[in-house]
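In the UniProt record's numbering, the protein residues as written are 1 to 418.
Backbone N, C-alpha and C define an ideal beta-carbon position, used for all residues, glycine too.
Quick notes on the structure that follows.
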Amino acid sequence: MTVTIIAMGRESFRSLVRETSPAKSNIVTWLNKPKWLNRLTLYFLILLPMVYIILKSIFSYFGLVHTDVDSARYMLSAMVQGEGAIVAIVVTLSLVAVQLAASSYSARVIDIFRRTPDLWILIAIYSFSIFYALAVLKTIESVNPQPGDPINRWSSLETHISFAYFFGFFAFMALVPYIWSTLEMLKPSTVINMLAERITKQNILSSIEKTPDDPVMPVIDIVNGALLRYDYETVIDGLTAIGEHTSGIFKELGSSNSMLKRLGHGTYEEMKISEIVFDHLTSVGKLAASKDNEKATVAALFSLWTNVEIAAEQRFEVATKWGIESIEEVGIAGTERRLEMATLTAIQLIGTVGETIAKQSTEETMAKQKLENIVITAVNALKEIRRVAMERRLNNPAQKAEDLIKRIHEATNPSSSL
């Protein structure tokens, strides 16, 4: 029953706190990702041909085949000036956007904007368009046709002028995806997802001796800032992103380590990753509880449980015990603030893990002692939360903890319940 409640709670939690975004095709989703290959494909393999087809149709329909000398000079000169002004405005507004994001979220997002390809692609497009148009202007002067003469007799020059017009129009059209991308980058969820991509096993292990390079810390900074602003949606996005990436790390560890190593004293990787991941999530949960933000506290508990659940499945004794103790810390913090829902959530999550491991300990002989150690940790955590709940006169959570302790004992000793 408890497992069913937790499963339903997790799914309802995810569905209620996060709005379901409109369904997008895989191609559109891929193109929207701020990566070099994706954005180059959008600009040069999709937008560029579209602009060419549009201009080709317009030129053919209105018969704009031949170019007057004076018109060419005037148009190219005006286009160069306009593009120069646009580049200056775009760079200025981009820097303002970076400053706004850095002040709203964290100074660490500056590196995200620096690595985003759209600004550099746009600058490259405008630079090429400006210098190409200037070169064509110089060519017109060197050919020196008579004013008013059409330029079709110099077919190569006509081609260059047409291409300068075409690429200038393409440069103006490139502003559309750039502005769209910049607005997306100002969304907390986009910044969080980009920062969370750096949460990998290699990056976490390499950051042990380099604290500023901790890949989890930038997301934690954003979540903590959102907590102070009572921005619940950003808190959920951050905790969800951390939970998804860190649980994947525990799965990766499980596939690379043998069963004996997992149920031993814990590998170096397991201990260090557990320390970083659970300490960060625990700090967020305790901060949320101190602010009486019950929803954020529950979100932190579910993010912790996501990792504990995977660690238990992979038979990581150290990580599972560490995670249970982390849930206990957050649960006690919520109990001390009389956050009943957070207290109940912590109790149910610990009880679920404890009961599951207790059943496994009766079925496995090789790892029986290690599994029983996890069960003892879960029972002790429930007892401690129950004690604090009784002190704060939270009778319902205290009774729930007592019931789960009994169920864990029954699962450990099935014969005693007969």
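Cβ-Cβ separation, residue j to residue i (assumed contact under 8 Å), whole Å
i: ILE327; j: LEU304; result: 5 Å
i: VAL318; j: GLU372; result: Not quite, the Cβ-Cβ distance comes to about 15 Å (not below 8 Å), so this is no contact.
i: ALA164; j: LEU47; result: That pair is no contact at about 18 Å.
i: THR297; j: GLY323; result: About 16 Å; that fails the 8 Å criterion.
i: ALA375; j: ILE408; result: In the sequence on display, residue 375 carries Val and not Ala. About 6 Å; that satisfies the 8 Å criterion.
i: GLU340; j: ASN396; result: 7 Å
i: SER77; j: LEU157; result: About 16 Å separates the two Cβ atoms, so there is no contact after all.
i: GLU325; j: ALA381; result: 7 Å
i: ARG39; j: ASP111; result: Contact flag wrong, Cβ pair sits at about 18 Å.
i: GLU73; j: ILE27; result: Per the sequence shown, residue 73 should be read as Arg rather than Glu. Wrong, their Cβ atoms sit about 42 Å apart, outside the cutoff.
i: ILE236; j: ALA299; result: 5 Å
i: PHE166; j: VAL91; result: Not confirmed; about 24 Å, so no contact.
i: ILE208; j: SER247; result: Between SER247 and ILE208 the Cβ distance is about 20 Å, and since that is not below 8 Å, they are no contact.
i: HIS160; j: ILE199; result: Rounded, the Cβ-Cβ distance is 50 Å, inconsistent with contact.
Burial state of residue i (16 or more Cβ within 10 Å)
i: ARG262; result: Low confidence applies to ARG262: its pLDDT is 49, below 50, so where it sits in the model is not reliable, and the reading given next is rough at best. Per the 10 Å Cβ criterion, buried.
i: ILE220; result: buried
i: TRP36; result: exposed
i: ASP213; result: exposed
i: LYS24; result: In this prediction, LYS24 scores a pLDDT of 46, lower than 50, which makes its location untrustworthy; no coordinate-derived value is stated.
i: ARG393; result: exposed
i: PRO49; result: exposed
i: ASN307; result: buried
i: residue 421; result: The first residue shown for the chain is 1 and the last is 418, placing residue 421 beyond what the model contains.
i: ILE58; result: exposed
i: ASP70; result: exposed
i: ARG229; result: exposed
i: ILE125; result: buried
i: VAL96; result: exposed
i: ALA135; result: exposed
i: PHE302; result: buried
i: ARG18; result: Because the pLDDT of ARG18 is 45, which lies under 50, any placement of that residue in the model is unreliable, and the number read from its coordinates should be weighed accordingly. By the neighbour-count rule (16 or more Cβ atoms within 10 Å), ARG18 is not buried but exposed.
i: GLY285; result: buried
i: LEU122; result: buried
i: PHE62; result: exposed
i: LEU349; result: buried
i: ALA398; result: buried
i: ILE89; result: exposed
i: THR412; result: buried
i: VAL176; result: exposed
i: SER94; result: buried
Spatially closest choice to residue i from the options, by CA coordinates
i: VAL223; options: SER181, LEU186 and SER283; result: SER283
i: GLN314; options: ARG386, ALA342, PHE250 and VAL69; result: PHE250
i: MET390; options: GLN348, GLU336 and LYS406; result: GLU336
i: ILE242; options: LEU253, GLU270, ILE276 and GLY225; result: ILE276
i: GLU330; options: ILE347, GLU317, VAL318 and MET79; result: First, the amino acid is wrong: residue 330 is Val here, not Glu. The shortest C-alpha separation from VAL330 is found at ILE347.
i: LEU404; options: THR352, ASP231 and PRO34; result: THR352
i: THR377; options: ALA358, LEU394 and LEU227; result: ALA358
i: LYS56; options: PHE169, THR246 and THR41; result: PHE169
i: GLU233; options: ASN293, ASN38 and ILE89; result: ASN293
i: PRO215; options: ILE273, ASP237 and LEU227; result: ILE273
i: VAL109; options: LYS406, SER290, THR190 and ALA72; result: THR190
i: TRP120; options: TYR178, GLN202 and ILE86; result: TYR178
i: THR267; options: PHE278, GLU244 and PHE316; result: PHE316
i: LYS406; options: GLU384, ARG387 and VAL379; result: VAL379
i: GLN99; options: ALA88, THR182, TYR61 and LEU122; result: THR182
i: ALA342; options: GLY248, LYS291 and ILE204; result: LYS291
i: GLU410; options: SER361, ILE89 and MET75; result: SER361
i: SER60; options: ILE385, ALA85, SER162 and ASP279; result: SER162
i: ARG115; options: ASP68, GLY238, PRO34 and LEU93; result: PRO34
i: HIS280; options: GLU252, LYS295 and PRO218; result: PRO218
i: SER255; options: LEU287, LYS201 and GLU402; result: LYS201
Residue range of the alpha helix (DSSP H) that includes residue i
i: ARG315; result: No alpha helix (DSSP H) holds ARG315; DSSP gives it neither H nor E.
i: SER290; result: 268 to 290
i: TYR52; result: 48 to 62
i: SER106; result: Per DSSP, SER106 belongs to no alpha helix (DSSP H) and is neither H nor E.
i: ASN293; result: No alpha helix (DSSP H) holds ASN293; DSSP gives it neither H nor E.
i: THR190; result: 188 to 196
i: ALA398; result: 395 to 412
i: ALA174; result: No alpha helix (DSSP H) contains ALA174, which DSSP labels as neither H nor E.
i: SER206; result: 201 to 206
i: THR41; result: First-last for THR41: undefined, no H or E at that position.
i: THR29; result: 26 to 32
i: LEU371; result: 368 to 391
i: ARG229; result: 217 to 229
Are the region 180 to 187 and the region 86 to 105 touching by the rule of at least three beta carbon pairs closer than 8 Å?
In the pairwise beta carbon analysis, the region 180 to 187 is classified as touching the region 86 to 105: at least three pairs are separated by under 8 Å.
Pairing CB atoms from the region 124 to 136 with CB atoms from the region 190 to 200, are three or more of them under 8 Å?
The region 124 to 136, when compared against the region 190 to 200, does not touch it at the 8 Å Cβ threshold.
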